[in-house]
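Trainee: Take this structure, written in structure tokens, and hold onto it; I'll ask about it next.
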Amino acid sequence: MKEGKKRGAERTQIATRNEEWSDERLKAYLELLPPAGMPRDYAILLKAYRGMTAELFARFIPFFVEAGNNINAELSDGSTFLDHVSQHRKSTEYAAVLKQAGAKTGTIDSM
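For the sequence shown, the working numbering begins at 624 and goes up steadily by one.
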């Protein structure tokens, strides 16, 4: 028997709070493969941004940089990950972490 599509609160995953994230778990993000057409370093940052709290993201970024990844990876339009994050009103902590690590805005103006 097939269930109908879940809607609203029925489809949301229960939030996990106070979960322990080891350094190894954070570093596992460095092994992610990008979708077609997206730079690998940009894809890693995007996945980390979407999956981590600001505190975890702040712990992750030094691993990202130490691994030789490009904090200023650009999309084909010249935008950087900092440009992307800066568009979100609740992302100031993430943007501050990126800037502290040397992130810059891209060659195009942020939207």
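The beta-carbon is built from N, C-alpha and C at its ideal position, and this holds for glycine as well.
(1) First and last residue of the alpha helix (DSSP H) that includes ARG663?
(2) Is the stretch 679 to 690 in contact with the stretch 701 to 711, if contact means three or more CB pairs nearer than 8 angstroms?
(3) Along the alpha helix (DSSP H) that carries SER709, what are the first and last residues, could you check?
(4) Bridge partners of GLU697, per DSSP?
(5) Measuring alpha carbon to alpha carbon, tell me which of TRP644, ARG648, PHE680 ends up nearest GLU716.
(6) Could you tell me the alpha carbon to alpha carbon distance between ALA677 and ASN693, rounded to whole angstroms?
(7) Less than 6 angstroms between C-beta atoms, sequence neighbours within five positions excluded: which residues of the same chain meet that for TYR665?
(8) Report the rounded CA-to-CA distance for MET661 versus LEU698, giving the unit in angstroms.
(9) Would DSSP call LEU655 helix, strand or coil?
(10) Which residues in the same chain as ARG663 place their Cβ atom closer than 7 angstroms to its Cβ, once the five residues preceding and following it in sequence are excluded?
(11) Roughly how many angstroms lie between the CA atoms of GLY756 and ARG712, to the nearest whole one?
(12) With distance defined between alpha-carbon atoms, name the residue in GLY674, ARG682, PHE683, LEU669 nearest to SER709.
Mentor: Here's the rundown:
(1) Start at 1 with the first residue of the sequence shown, and residue 663 comes out as number 40. From DSSP, the alpha helix (DSSP H) with ARG663 extends over 663 to 674.
(2) No: the two stretches stay apart, fewer than three of their Cβ pairs being nearer than 8 angstroms.
(3) As a working note, residue 709 is residue 86 in the sequence shown. Run containing SER709: 704 to 709, per the alpha helix (DSSP H) assignment.
(4) Within the sequence shown, residue 697 is the residue found at index 74, counting from 1. Per DSSP, THR703.
(5) For the purposes of this step, residue 716 is identified with residue 93 of the sequence shown, where counting begins at 1. Comparing Cα positions, the closest option is PHE680.
(6) Locating residue 677 in the sequence shown gives position 54, where the first residue counts as 1. Locating residue 693 in the sequence shown gives position 70, where the first residue counts as 1. Between ALA677 and ASN693, the alpha-carbon positions lie close to 19 angstroms from each other.
(7) By 1-based counting over the sequence shown, the position of residue 665 is 42. Here the set comprises ALA696, PHE704.
(8) Translated into the one-based positions of the sequence shown, residue 661 becomes position 38. Translated into the one-based positions of the sequence shown, residue 698 becomes position 75. Distance between the alpha carbons of MET661 and LEU698: 7 angstroms.
(9) Taking the sequence shown and counting its residues from 1, one reaches residue 655 at position 32. The three-state reading of DSSP puts LEU655 in coil, since its state is none of H, G, I, E or B.
(10) Residue 663 sits at position 40 when you count from the first residue of the sequence shown. Hits under 7 angstroms: PRO657.
(11) No answer is possible for residue 756: it lies beyond the span of the chain, which begins at 624 and ends at 734.
(12) Taking the first residue of the sequence shown as position 1, residue 709 is located at position 86. Answer by Cα proximity: LEU669.
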